[in-house]
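Quick notes on the structure that follows.
Numbering (our numbering), first residue to last: -16 to 262.
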């Protein structure tokens, strides 16, 4: 999964997420501008940079890096980028480094030469796999759980449905709600690369996503395919191949027929054949 891009979108959409991860009041996000500023000498960008107002000297700058792969020199590179930034832009604020790892095993440990930063509490480490222990998470934390969770389909379907319900009930701004729904679909596309768009639509009950860019692109592609000879037959076969998977997820024959826009008798025949194969 392209986690750098996903987490950039998460922080951009939910600035409160950083402060929830480091156990600070989410309302602090109102005092910060989120950006991803380039460090010219290294041609690198932070995964997240939270800047307080220039006159709010009591609020630190937060430098954020998200790591999903082993990297032995993670801290030396991260701190080098921070100090290059401080030299380039010379802010008057204090600062804090937030290292976000997919799990504790990816944390290589802070080298001895940087231990003074740990003593001054200028380094905060977050381990995303431990967020699974949080019950009734906020919408931003739930989004992170969706990113880092296992690819166990039933659990992902349940979590996705819960997030969509939270978005429907908690987000009053329609434009922002649409942005969150598109972010959910982006995570699913990255997470289930082997699944077709039809399978994603059917498995996750994406009725709320039918107005998103992803769905509209898929719909337009379907129209173009429908104009080509022989494409409709292949499309029908693809839908029918999805039926056994949806049956395993607990959907009824009628629900599958409705979601895939198939004749219910055709779905019933596939279901029967699938049942016979497992007997």
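Think of the CB as a built atom: it goes at the ideal place given N, C-alpha and C, for glycine as much as any other residue.
All values derive from a computational prediction rather than experimental measurement.
Could you give the distance in angstroms between the alpha-carbon of residue i and the alpha-carbon of residue j?
i, j, result
"residue 163", "residue 150", "7 Å"
"residue 36", "residue 93", "30 Å"
"residue 255", "residue 88", "46 Å"
"residue 201", "residue 157", "Annotation note: pLDDT 49 at residue 201 (below 50); position unreliable, no value reported."
"residue 119", "residue 70", "42 Å"
"residue -10", "residue 130", "9 Å"
"residue 140", "residue 250", "21 Å"
"residue 29", "residue 145", "31 Å"
"residue 67", "residue 109", "23 Å"
"residue 248", "residue 241", "12 Å"
"residue 33", "residue 104", "17 Å"
"residue 198", "residue 15", "With a pLDDT of 49 at residue 198, under the threshold of 50, the modelled position of this residue cannot be trusted; read the value that follows with caution. Taking the straight line joining both Cα atoms gives about 33 Å."
"residue -5", "residue 223", "39 Å"
"residue 96", "residue 102", "12 Å"
"residue 160", "residue 185", "21 Å"
"residue 261", "residue 174", "Unreliable positioning characterises residue 261 in this predicted model, as indicated by a pLDDT of 43, which lies under 50. The coordinate reading is nonetheless provided below. Approximately 28 Å, taken between the alpha carbons."
"residue 227", "residue 165", "27 Å"
"residue 75", "residue 122", "33 Å"
"residue 2", "residue 13", "11 Å"
"residue 136", "residue 107", "32 Å"
Among the residues of its own chain, which have a CB less than 7 Å from the CB of residue i, if the five just before and after it don't count?
i, result
"residue 117", "124"
"residue 77", "43"
"residue 112", "85, 86 and 131"
According to DSSP, is residue i part of a helix, a strand, or is it coil?
i, result
"residue 52", "coil"
"residue 73", "coil"
"residue 178", "coil"
"residue 103", "coil"
"residue 153", "helix"
"residue -3", "coil"
"residue 40", "coil"
"residue 161", "helix"
"residue 252", "helix"
"residue 185", "helix"
"residue 34", "strand"
"residue 96", "helix"
"residue 82", "strand"
"residue 17", "strand"
"residue 29", "coil"
Residues in the same chain with beta-carbon distance under 8 Å from residue i, minus the five sequence neighbours each way, listed in chain order, please.
i, result
"residue 6", "none"
"residue 143", "129, 167, 171 and 187"
"residue -8", "166 and 169"
"residue -13", "30 and 49"
Hey, does residue i have any beta-carbon neighbour from chain D nearer than 9 Å?
i, result
"residue 178", "Checking the listed chains, one finds no chain D in this structure; it contains a single protein chain."
Within the present structure, is the beta-carbon of residue i separated from the nearest heavy atom of the ligand COA by less than 8 Å?
i, result
"residue 170", "Annotation note on the ligand COA: not contained in the displayed structure, which lists no ligands."
Looking only at its own chain, which residues have a Cβ that is under 6 Å from the Cβ of residue i, when we skip the five neighbours before and after it?
i, result
"residue 4", "109"
"residue 10", "none"
"residue 79", "43, 45 and 105"
Can you give, in chain order, each stretch of the alpha helix (DSSP H) that sits fully within the stretch 107 to 157 and has at least 4 residues?
122 to 131 and 136 to 153
Determine contact between the stretch 49 to 62 and the stretch 92 to 107, defined as no fewer than three beta-carbon pairs at a distance below 8 Å.
Of all C-beta pairs linking the stretch 49 to 62 to the stretch 92 to 107, three or more are shorter than 8 Å, placing the two stretches in contact.
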